[in-house]
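Asks: To convert, note that position 110 of the sequence shown is 216 in our numbering; the numbers rise steadily by one, no gaps.
Here it is: the structure, laid out below.
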Amino acid sequence: MGSARGAEIAAQIERANLELIQVVRGCSEEQWRTLCNDEGDNRTVAVIAHHVAHGHQQNQDWLDTALGGGEVKITLAEQDVLNAQQADTYHEVAREETIRLLEGNGARFTARVAALSDEELARTAFHTGAGRDFTVDQYAYLDYRHVTGHLATIRQALDLPAS
107 MGSARGAEIA
117 AQIERANLEL
127 IQVVRGCSEE
137 QWRTLCNDEG
147 DNRTVAVIAH
157 HVAHGHQQNQ
167 DWLDTALGGG
177 EVKITLAEQD
187 VLNAQQADTY
197 HEVAREETIR
207 LLEGNGARFT
217 ARVAALSDEE
227 LARTAFHTGA
237 GRDFTVDQYA
247 YLDYRHVTGH
257 LATIRQALDL
267 PAS
C-alpha cells in the first residue's frame, strides 16, 4: 500500500499534467507551432509538450532504477542530445498523439508514485548528471518540476496567465 507522501506527490503531478493537457487542447494550430525560448533552443509548443509526455516515461525509468538500487547514469550532455533528437523527430507531432501520451504516461507514472511506501520513497540512488544522490521521493518530484517548468514556458510563449 502506498504512503500519504507518495499519494501527495502523485496528486501534484496529476494536477500539473492535467493543466498541461488543458492548455494543449486549447491551442490553435498557430499556437501549437509557436516557438518557445525554452532552454535557449527555440522548440515549439508541440515539441515541448511531447517532450514532457516522454519525460514521464523517462522519469519512471529513473525512479525504477533508483528503487532497484542502481545509478541513474545519464549526464547533462547526454540529456541535451536526447532532447535535440526528440525535437528533430517530433517537430511535426500531432496534438492528439501528444495528449494521448500525456494522459497514458502521466497516469502510469502517478499510479507508480502513489503506490510507493515511505521506505521506498526514502531509498537513495546516485544521479550522474546531478553529481549527487537523490531519494526516490526526489526522483518522483523531478517529474512534477519537469511538467510545471515546461508548462510555465508554454504559458509565457502563448501569453497565457500563470496558473
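Glycine included, each C-beta is placed from N, C-alpha and C at the ideal position.
The model shown is predicted, which means the values in this text are computed figures rather than measured ones.
Starting from the Cα of Gly-132, find the closest Cα among Ala-116, Ala-155, Asp-147 and give me that residue.
Replies: Ala-155
Asks: Could you check which residue in Asp-224, Asn-165, Leu-208, Asp-265 has the C-alpha nearest to that of His-233?
Replies: Asn-165
Asks: Tell me where the beta strand (DSSP E) around Thr-230 begins and ends.
Replies: First-last of the beta strand (DSSP E) with Thr-230: 230-233.
Asks: Note down, in chain order, each residue of its chain lying with its Cβ closer than 8 Å to the Cβ of Gln-185, except the 5 sequence neighbours on either side.
Replies: Gly-235
Asks: Does the beta-carbon of Leu-227 have 16 or more other beta-carbons within 10 angstroms, so that it is buried, or is it exposed?
Replies: buried
Asks: Can you have a look at Thr-181 and say buried or exposed, based on whether 16 or more other CB atoms are within 10 angstroms of its CB?
Replies: exposed
Asks: On a Cα-Cα basis, can you pick out the residue from Arg-251, Ala-258, Gln-244, His-256 that is closest to Leu-173?
Replies: Gln-244
Asks: Quick one: what does DSSP say Arg-139 is sitting in, helix, strand or coil?
Replies: coil
Asks: In its own chain, which residues sit with a C-beta less than 6 Å from the C-beta of Val-158, not counting the 5 before and 5 after it?
Replies: Val-253, His-256
Asks: Curious, which full-length alpha helix (DSSP H) runs of at least 4 residues does the segment 189-249 contain?
Replies: 201-220, 224-228
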